[in-house]
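**Student:**
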Amino acid sequence: MPVIGFSIKKIEAKKDREPGTAQITVNSAPTIVDLKETDIPSLNKKAISLQYEFSTKYETDVGSIKVEGDMLYLADDNKAILDRWNKEKMLPDAVSLEVLNTLFRRCLTKMVVLAEDLQLPPPVQFPIVKLKSKDDKENN
Numbered sequence: 023m024p025v026i027g028f029s030i031k032k033i034e035a036k037k038d039r040e041p042g043t044a045q046i047t048v049n050s051a052p053t054i055v056d057l058k059e060t061d062i063p064s065l066n067k068k069a070i071s072l073q074y075e076f077s078t079k080y081e082t083d084v085g086s087i088k089v090e091g092d093m094l095y096l097a098d099d100n101k102a103i104l105d106r107w108n109k110e111k112m113l114p115d116a117v118s119l120e121v122l123n124t125l126f127r128r129c130l131t132k133m134v135v136l137a138e139d140l141q142l143p144p145p146v147q148f149p150i151v152k153l154k155s156k157d158d159k160e161n162n
């Protein structure tokens, strides 16, 4: 079933210091903080409301970006999802896949812009276009 709603409630972005020439390690991680069942009156259904945090840290202590918010997930069996969450703090694989892909897509696009504004490296690696050398051109 699909993610039917996504909202950002809070964004924190800071640059603690200039990195200088030191190597910067970038670590990004989504976290599901909590979930509960909620009514969706317009659909006449109940959905799962997931509270999330998505953090990117620039090590060693260069800066950080954190996005917090909520997501609505429409499921066939809310009870099974809630039971597993309450017992194990885990989502079923199919739900987790869709939720995490949505979080990466939506949060990382925001974080790329914030990182650029703070003059930090982007939280995702972009492809780099290079010219082929003369030897490469002759071999192809």
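In this note's numbering, the protein residues as written are 23 to 162. Note that the Cβ used here is the ideal one computed from N, Cα and C, for glycine as well.
1) Per the contact definition of three or more C-beta pairs closer than 8 angstroms, is the region 101-118 in contact with the region 82-89?
2) If we call anything under 9 angstroms between Cβ atoms a contact, is I70 one with K58?
3) Rounded to whole angstroms, what's the CA-CA distance from A51 to V146? Just pull it up for me.
4) How would you write the range of the alpha helix (DSSP H) that L72 sits in, first residue to last?
5) Along the beta strand (DSSP E) that carries S86, what are the first and last residues, could you check?
6) Return the CA-CA distance between V134 and Y95, expressed in angstroms with no decimal places.
7) Nearest-angstrom Cα distance between K168 and K152?
8) Are the beta-carbon atoms of S165 and T43 separated by less than 9 angstroms?
**Tutor:** In short, the structure shows the following:
1) no
2) Position 48 of the sequence shown holds residue 70. Position 36 of the sequence shown holds residue 58. Closer than 9 angstroms, so yes.
3) To locate residue 51, count along the sequence shown from 1; it is residue 29. To locate residue 146, count along the sequence shown from 1; it is residue 124. C-alpha separation (whole angstroms): 12 angstroms.
4) In the sequence shown, counting from the first residue as 1, residue 72 sits at position 50. Run containing L72: none in the alpha helix (DSSP H); it sits in the beta strand (DSSP E), 67-81.
5) Position 64 of the sequence shown holds residue 86. First-last of the beta strand (DSSP E) with S86: 85-95.
6) As a first step, residue 134 must be located in the sequence shown, where it is residue number 112. As a first step, residue 95 must be located in the sequence shown, where it is residue number 73. The straight-line gap from Cα to Cα measures roughly 25 angstroms.
7) Since the displayed the chain opens at 23 and closes at 162, residue 168 lies outside it and no answer follows.
8) A question about residue 165 goes unanswered here, because the residues of the chain that appear run from 23 up to 162.
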